[in-house]
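In terms of numbering that gives the first Met the number 0, the sequence shown opens at residue 0 and continues consecutively.
Using N, Cα and C, we set each Cβ at its ideal position, and we do this for glycine too.
All of these numbers come straight from a predicted model, not from anything done at the bench.
What follows is a single structure, written as structure tokens, with notes after it.
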Amino acid sequence: MEKIKNIFKDYKLYIFFLITIVFFGTYAKMQFAVDTYSVFAMPTRDIVNHFLSSGRILSAMWFALVGVLRLGITSKNILTYSIAILSTTIALYKLNLIVKKFIQNNFLSIIVTTLIIINPFSVEYFMYLEKGVLLLSILMAVCAVEQFVKYLEDKEKGRKHLVFSFIFMLISTFSYQGTVAIYIAIASIFIVKYSKNIKDFIVNNIWMFLCYGLPAIINLLIIRIFFSNARVNGAVNFADTLEKISEGCEKMLFTYNILPKYFFLIMTTIAILISLIIMIKSKKISKILGLIYVAVLDVLITLAPFAMQNTDSIWFVARSSYAFASLFGLIILYTCVNIEKEEGLKNTLFNTICVIFTIVQFICFNNIEIAHYNLNYTDKMNSIEIGKMINEYQEETGIEVTNICIYVDASHAFSYQNIFTSGDMNVSGFGPDWSDVEMINYYNGLKLVRAEKDEELQNQFAEKDWDSFNKEQVIFVGNTIHLCKF
């Protein structure tokens, strides 16, 4: 109880809460990703089975819980958003407890911690209904790092901390696999710090990879034994996999356009150059090898899960390559942890580039969030317009519309003009075929059933090319509405 009281007395806890709200406060209002509409339409059992088949046990448990409690849409969003905000705040606070031992400057310790956890790719997590579990996964990975660092600090008494590190990583992996690489990315910094020699370095790496790898293996075995999942059970074409990973690396390096195209690359290069200058000035040339080890390991551990997937399922997006986006902050943290001297130089240079990075990231996040709600609004208005046309048709003909056929025009787009998109971010509900009908049903209180397309209408629509919603895209035949997506 005394420890808990001290935590609540610590002003940094509230600073990190405010930082989290500044970056993600917009998402307090209900918002929709394409998956959200299909989740609302699916029976709870099907949702649970979907997440179980992906090894996301905690997500399955969450949806089972809200299903049993029969929570409404608003209640679900408030609950999952609250968990996400708290998880992010606590993750920041816990990582800062480790960081502040090595960074005396409070401002630098806070901003570096923030850029590692709230990195450029973190924005996508808040767009999903299961955002609470996604951010919980990051928190559990940070807790695992905390335990691993305690082991490194006192190996004689610290074996129990390895057990706790494994348990936290198990929970993290069972929450969402796309975040767990952050454990390796951060822990590797402290391996360099606490390894006394090559043998010690190798042993520490073995323990780190066991805490990371065993939960991943357990998760994979559960999927293979109990469920059928195309991502782990499908065919792997080595050449095509390499090509997809190569293309994905380029997208990842340019941050999927979340930040200005070359910004991350330039800022990370500057951070590396500053670190090299500080190491040379401090006569710590050997630490350069450690910097290379941390940076390369961060990239490799981010890419490794993609190499293990079915080739056709490889899909590089921000949420699945989270750890890579922490590289800028990790380089700065590495230098501060492993170079004790040159405090004035470190603080001045690192504070400057961190502030620049944070400002640019905040502006980009804000633009993405605004675009997201604009997208949701446009989807809603178009869906309601379709609902009005259905009502008018039913009143005029007396025929109840029960079926819907979906077509696409000559150049079907997955979002609207002037809306920022990246991977799965800000994709319209009219984009993929698993959300279009569900979205129309949701906004109009309908239960339309997807039916087979009419070949003649399909050819007719294929010759058109709209760039906005038009009533010509809707044709009624009997009890069926034929809708062409633009």
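Which of the three DSSP states is assigned to residue i in this structure?
i, result
"Ile480", "strand"
"Ser281", "coil"
"Phe413", "coil"
"Met29", "coil"
"Arg499", "The structure shown has nothing for residue 499, since the chain only spans 0 to 485."
"Val144", "helix"
"Val448", "strand"
"Phe16", "helix"
"Ile84", "helix"
"Ile474", "strand"
"Ser434", "coil"
"Met139", "helix"
"Met41", "coil"
"Ser427", "coil"
"Ser53", "coil"
"Ser421", "strand"
"Asp34", "helix"
For a quick check, are the C-beta atoms of residue i and residue j less than 9 Å apart?
i, j, result
"Ser414", "Ile367", "no"
"Ala488", "Thr254", "Outside the shown range of the chain, which is 0 to 485, sits residue 488, and nothing can be said about it."
"Ser164", "Leu57", "no"
"Ser427", "Leu374", "yes"
"Tyr321", "Ile170", "no"
"Ile109", "Thr87", "no"
"Thr177", "Pro304", "Before going on, a small fix: residue 177 reads as Gly here, not Thr. Cβ distance < 9 Å, so Gly177 and Pro304 count as in contact."
"Lys75", "Val65", "yes"
"Thr112", "Val98", "yes"
"Ile332", "Asp297", "Looking at the sequence shown, residue 332 is not Ile but Leu. No, the Cβ-Cβ distance between Leu332 and Asp297 is not below 9 Å."
"Leu264", "Leu252", "yes"
"Leu344", "Ile277", "yes"
"Asn203", "Ile224", "no"
"Leu302", "Cys363", "no"
"Tyr124", "Leu134", "yes"
If you compare alpha carbons, which of the options is closest to residue i?
i, options, result
"Gln416", "Phe7, Ser281 and Asp466", "Asp466"
"Pro119", "Pro431, Gln360 and Ser410", "Gln360"
"Ser53", "Tyr150, Asn5, Ala215 and Ile6", "Ala215"
"Ile383", "Thr35, Met41, Asp435 and Asp297", "Asp435"
"Ser319", "Ile405, Ala306, Gly328 and Leu329", "Ala306"
"Asn440", "Ile389, Gln393, Glu455 and Asp453", "Ile389"
"Asp453", "Lys470, Phe475 and Lys463", "Phe475"
"Val148", "Ser187, Phe225, Leu135 and Ile3", "Ser187"
"Asn478", "Met438, Ile418, Asn458 and Ile403", "Ile403"
"Tyr193", "Asp34, Phe106, Tyr211 and Lys286", "Lys286"
"Phe425", "Asn256, Lys243 and Ile20", "The sequence shown places Asn at residue 425, rather than the Phe named in the question. Minimum Cα distance to Asn425 is reached at Asn256."
"Val336", "Glu471, Phe22 and Leu107", "Leu107"
"Asp464", "Ile418, Asp408 and Ile480", "Asp408"
"Glu462", "Ile418, Ile224, His411 and Arg449", "His411"
"His160", "Glu471, Ile46, Trp206 and Thr19", "Trp206"
"Leu70", "Phe39, Leu96 and Lys100", "Phe39"
"Phe262", "Ile3, Cys353 and Ala90", "Cys353"
"Gln30", "Tyr376, Leu220 and Glu342", "Tyr376"
"Asp239", "Asn196, Asn458, Leu213 and Trp314", "Trp314"
Excluding sequence positions up to five away, which residues of its chain have a Cβ less than 6 Å from the Cβ of residue i?
i, result
"Lys167", "Reading the sequence as shown, one finds Phe at residue 167 and not Lys. Excluding sequence neighbours, Phe167 sits near Met139, Cys142 and Ala143."
"Trp433", "Ser37"
"Ile300", "Ala180 and Ile183"
"Phe429", "Asp435 and Lys484"
"Lys93", "Val141 and Glu145"
"Tyr442", "Lys379, Ser382 and Ile383"
"Ile185", "Val144"
"Thr43", "Gly66"
"Val316", "Gly422 and Asp423"
Can you give me the start and stop residues for the alpha helix (DSSP H) that residue i sits inside?
i, result
"Ile224", "Ile197 to Phe225"
"Leu252", "Phe237 to Leu252"
"Ala294", "Lys286 to Ala306"
"Phe167", "Arg158 to Ser174"
"Ser325", "Looking at the DSSP string, Ser325 is not in any alpha helix (DSSP H), and its letter there is neither H nor E."
"Gly343", "Glu342 to Thr396"
"Asn5", "Glu1 to Lys8"
"Gln459", "Glu454 to Ala461"
"Ile116", "Asn105 to Ile116"
"Ala317", "Ala317 -> no alpha helix (DSSP H), and no H or E assigned at all."
"Val191", "Ala180 to Tyr193"
Under 8 Å Cβ to Cβ from residue i, same chain only, skipping five residues before and after it: list those, please.
i, result
"Trp61", "Thr79, Glu129, Gly131 and Val132"
"Ile330", "Thr267, Ala270, Ile271, Ser274, Leu290, Val293 and Ala294"
"Arg158", "Tyr150"
"Leu12", "Ile6, Thr88 and Tyr92"
Between which two residues does the beta strand (DSSP E) containing residue i stretch?
i, result
"Tyr406", "Asn402 to Val407"
What residues in its chain sit with their C-beta under 7 Å from that of residue i, if we drop five residues either side in the sequence?
i, result
"Phe50", "Ser58, Ala59 and Phe62"
"Gln472", "Trp465, Leu482, Cys483 and Phe485"
Does residue i come within less than 9 Å of chain B when only Cβ atoms are used?
i, result
"Phe189", "Absent from the structure is chain B; it holds one protein chain and no more."
Using a threshold of 8 Å, is the CB atom of residue i nearer than that to any non-hydrogen atom of the ligand SAH?
i, result
"Phe125", "Of ligands this structure carries none, so the ligand SAH is not represented either."
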